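A.B. asks:
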Amino acid sequence: MVLLIVLSACGSQLPESAGEPLRFAVDRLPEAYVGEPYQGALVAAGGVRPYTYELKGELPPGLRFEGGRLLGVPKKKGRFRFAVTLRDAALNVREANYELLVGDPPPPRLRMLLPESPTSAPFIWVVREEGRRSLGFQARFSLKGLRPDLKTLQISNKAVAVFRWVEKDEALDIDLAWLAPVSNEEVLRLTLVPLRELRPRVTYSARFYGPSGELFAASSAVTLKREGEGRYRYPDLLALAREWKKKATKAAPLGQDLNGDGVVDEKDLQRLREDYAWAIAPSAAGEGSSQAR
Numbered sequence: 201m202v203l204l205i206v207l208s209a210c211g212s213q214l215p216e217s218a219g220e221p222l223r224f225a226v227d228r229l230p231e232a233y234v235g236e237p238y239q240g241a242l243v244a245a246g247g248v249r250p251y252t253y254e255l256k257g258e259l260p261p262g263l264r265f266e267g268g269r270l271l272g273v274p275k276k277k278g279r280f281r282f283a284v285t286l287r288d289a290a291l292n293v294r295e296a297n298y299e300l301l302v303g304d305p306p307p308p309r310l311r312m313l314l315p316e317s318p319t320s321a322p323f324i325w326v327v328r329e330e331g332r333r334s335l336g337f338q339a340r341f342s343l344k345g346l347r348p349d350l351k352t353l354q355i356s357n358k359a360v361a362v363f364r365w366v367e368k369d370e371a372l373d374i375d376l377a378w379l380a381p382v383s384n385e386e387v388l389r390l391t392l393v394p395l396r397e398l399r400p401r402v403t404y405s406a407r408f409y410g411p412s413g414e415l416f417a418a419s420s421a422v423t424l425k426r427e428g429e430g431r432y433r434y435p436d437l438l439a440l441a442r443e444w445k446k447k448a449t450k451a452a453p454l455g456q457d458l459n460g461d462g463v464v465d466e467k468d469l470q471r472l473r474e475d476y477a478w479a480i481a482p483s484a485a486g487e488g489s490s491q492a493r
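Numbered per the working numbering, the sequence shown finishes at 493, counting up by one with no gaps.
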């Protein structure tokens, strides 16, 4: 989604100043996303300062126009058209017609550190989550020709996770919940063992959840092919992360104190892992995948 600007000259009421002609100095503003703070400046140049601005038309709900700047948090997707009139102290005038497209924010991405040349030796695979802030993800990593040494798995101390190796699919399933929303954070380190000499390649499919636990819109089109049933599901993992290391009181009992010892800790996480439902809710539709970058 981009903000397109079409400039149209308008007759000046007085001759231009001796310097540069009055004009809009930008022809594109930053992208706008629903629910994310936005700021875009309609930069003016030339003419005689100070400048004044007048906007006519429709702005996305949640945005306001102040002194040549668009500010706020868009609340609605769509296409919004408006015009801006620019005047300077010498009464020169220019106009610009705008079309602002507001869409869903793209989800985060997983970036992986892998050997760049063929190898038959074990190596450490590093995964980072980058981009927008999130509260966690559900992912399936395809490790064709590789075997994970799960004893070496190190999950970030800022997260809790449930994981399993699916031998027949050569796939590693990981559901992860951050203890608090993060961005640009290392997720894990794991030793991978090549079954033969090869250039390691890992692909993944993932569903990402925003800072409030909401599913990113683009992630709703991703289906993870998983099997198995159990008592606990991903929302339970998110709830456990919210209560991590907390102690129960009579006034504030803990819903994720699964073993009843008064604190949410590694013992509760292990119990959740042992009775975890890997199946994705039937309402999920579509498929998507991303390749390591």
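Just so you know, even glycine gets a beta-carbon here, dropped at the ideal spot from N, CA and C.
Please read these numbers as outputs of a predicted model, since none were measured by experiment.
Short of 6 Å in beta carbon distance, which residues of its chain neighbour residue 222, apart from the five on each side in sequence? Order them along the chain.
C.D. replies: Numbered from 1 along the sequence shown, position 22 holds the residue referred to as residue 222. Once the five neighbours on either side are set aside, the close Cβ partners of residue 222 are 246, 247, 288, 292, 294.
A.B. asks: Cα separation between residue 403 and residue 341?
C.D. replies: For this step, residue 403 is matched to residue 203 along the sequence shown. For this step, residue 341 is matched to residue 141 along the sequence shown. It is roughly 6 Å from the alpha-carbon of residue 403 to the alpha-carbon of residue 341.
A.B. asks: Would you report the Cα separation of residue 355 and residue 251, rounded to the nearest angstrom?
C.D. replies: Walking along the sequence shown from the start, residue 355 turns up at place 155. Walking along the sequence shown from the start, residue 251 turns up at place 51. Approximately 54 Å between the Cα atoms of the pair.
A.B. asks: I need the straight-line Cα distance from residue 296 to residue 270, nearest angstrom please.
C.D. replies: By one-based count along the sequence shown, residue 296 stands at place 96. By one-based count along the sequence shown, residue 270 stands at place 70. Using only the alpha carbons, I get a separation of about 14 Å.
A.B. asks: Go ahead and label residue 336 buried or exposed: buried means 16 or more other beta carbons lie within 10 angstroms of its beta carbon, across all protein chains shown.
C.D. replies: Your numbering for residue 336 matches position 136 in the sequence shown. With 16 or more other Cβ atoms within 10 Å, it is buried.
A.B. asks: Only counting the same chain, and skipping five residues up and downstream in sequence, which positions put a Cβ closer than 8 Å to that of residue 457?
C.D. replies: Position 257 of the sequence shown holds residue 457. If we look at residue 457 and ignore the five residues flanking it on each side, its Cβ neighbours are 443, 448, 463, 464, 468.
A.B. asks: Grouping DSSP H, G and I as helix and E and B as strand, with all else coil, what is residue 334?
C.D. replies: Numbered from its first residue, the sequence shown carries residue 334 at position 134. Residue state for residue 334 is assigned as strand, using DSSP reduced to three classes.
A.B. asks: Alpha carbon to alpha carbon, how far is residue 232 from residue 255?
C.D. replies: Here residue 232 corresponds to residue number 32 of the sequence shown, with the count starting at 1. Here residue 255 corresponds to residue number 55 of the sequence shown, with the count starting at 1. Distance from the CA of residue 232 to the CA of residue 255, rounded to the nearest whole angstrom, comes to 18 Å.
A.B. asks: Excluding the 5 residues preceding and the 5 following residue 240 in the sequence, name in chain order all residues of the same chain whose CB lies nearer than 8 Å to its CB.
C.D. replies: Sequence index remark: in the sequence shown, residue 240 carries index 40 (1-based). 203, 229, 230, 232, 269, 270, listed in sequence order.
A.B. asks: Would you check if the distance between the CB atom of residue 324 and the CB atom of residue 390 is smaller than 9 Å?
C.D. replies: The count along the sequence shown starts at 1 and reaches residue 324 at position 124. The count along the sequence shown starts at 1 and reaches residue 390 at position 190. Cβ distance < 9 Å, so residue 324 and residue 390 count as in contact.
A.B. asks: Leaving out five residues on either side along the sequence, give the residues of the same chain with a beta carbon under 6 Å from the beta carbon of residue 407.
C.D. replies: The count along the sequence shown starts at 1 and reaches residue 407 at position 207. Only 338, 419, 422 meet the Cβ criterion.
A.B. asks: State the CB to CB distance for the pair residue 377 and residue 437, rounded to an integer number of angstroms; the pair is presumed to be in contact (CB under 8 Å).
C.D. replies: As a first step, residue 377 is located in the sequence shown; it is residue number 177 there, counting from the start. As a first step, residue 437 is located in the sequence shown; it is residue number 237 there, counting from the start. That belief holds up - the Cβ atoms of residue 377 and residue 437 are roughly 5 Å apart, short of 8 Å.
A.B. asks: How long is the line joining the alpha carbons of residue 284 and residue 263, rounded to whole angstroms?
C.D. replies: Here residue 284 refers to the residue found at position 84 when the sequence shown is read from its first residue. Here residue 263 refers to the residue found at position 63 when the sequence shown is read from its first residue. Going from the Cα of residue 284 to the Cα of residue 263 covers about 15 Å.
A.B. asks: Throw me the rounded Cβ distance for the residue 395 and residue 346 pair, which I believe falls under 8 Å.
C.D. replies: Taking the sequence shown and counting its residues from 1, the one referred to as residue 395 is at position 195. Taking the sequence shown and counting its residues from 1, the one referred to as residue 346 is at position 146. The C-beta separation of residue 395 from residue 346 comes to about 7 Å, placing the pair in contact by the 8 Å criterion.
A.B. asks: I think residue 257 touches residue 224, with their Cβ atoms under 8 Å apart; what is that distance to the nearest whole Å?
C.D. replies: Against the sequence shown, residue 257 aligns to sequence position 57. Against the sequence shown, residue 224 aligns to sequence position 24. In fact, because the Cβ distance is near 16 Å, the residues do not count as touching under 8 Å.
A.B. asks: Considering just the uninterrupted stretch of the alpha helix (DSSP H) at residue 473, what are its terminal residues?
C.D. replies: Here residue 473 corresponds to residue number 273 of the sequence shown, with the count starting at 1. From DSSP, the alpha helix (DSSP H) with residue 473 extends over 466-474.
A.B. asks: Got a sec? Which residues, its chain only, sit under 8 Å from residue 490 by beta carbon, not counting five neighbours each side?
C.D. replies: Counting from one through the sequence shown, the residue named residue 490 turns up at place 290. Low local confidence applies: a pLDDT of 34 at residue 490 is under 50, so the model's placement there is unreliable, with the coordinate-based value given in what follows. Contacts found: 309, 310, 403, 404, 405, 406.
A.B. asks: I'd like the span of the beta strand (DSSP E) that includes residue 418, first residue to last.
C.D. replies: In the sequence shown, counting from the first residue as 1, residue 418 sits at position 218. It is not in any beta strand (DSSP E) - residue 418 carries neither H nor E in the DSSP assignment.
A.B. asks: For the alpha helix (DSSP H) holding residue 440, just list the boundary residues, first then last.
C.D. replies: In the sequence shown, the residue the question calls residue 440 occupies position 240. Counting along the chain, the alpha helix (DSSP H) containing residue 440 begins and ends at 434-442.
A.B. asks: Under the three-state reduction of DSSP, which class applies to residue 368: helix, strand or coil?
C.D. replies: Here residue 368 corresponds to residue number 168 of the sequence shown, with the count starting at 1. Helix at residue 368.
A.B. asks: So, helix, strand or coil for residue 403, using DSSP?
C.D. replies: In the sequence shown, the residue the question calls residue 403 occupies position 203. If DSSP states are grouped into helix, strand and coil, residue 403 belongs with the strands.
A.B. asks: In terms of alpha-carbon separation, which member of 398, 440, 427, 446 lies closest to residue 494?
C.D. replies: Beyond the ends of the chain as shown, which are 201 and 493, falls residue 494; an answer cannot be given.
A.B. asks: What does DSSP give as the partner residue(s) for residue 394 in the beta ladder?
C.D. replies: Along the sequence shown, read from residue 1 onward, the residue named residue 394 stands at position 194. According to DSSP, which records beta bridges pairwise, residue 394 is partnered with 346.
A.B. asks: If I measure Cβ to Cβ from residue 234 and keep anything under 8 Å in the same chain, skipping five residues before and after, which residues do I get?
C.D. replies: Taking the sequence shown and counting its residues from 1, the one referred to as residue 234 is at position 34. If we look at residue 234 and ignore the five residues flanking it on each side, its Cβ neighbours are 274, 275, 276, 277, 302, 303, 304, 305.
A.B. asks: From this set, 272, 363, 348, which residue's C-alpha is nearest residue 475's C-alpha?
C.D. replies: Along the sequence shown, read from residue 1 onward, the residue named residue 475 stands at position 275. Selected option, being the one with the closest Cα: 363.
A.B. asks: Sort 412, 366, 371 by Cα distance to residue 380 and report the nearest one.
C.D. replies: Taking the first residue of the sequence shown as 1, we reach residue 380 at position 180. Closest option to residue 380, Cα to Cα, is 412.
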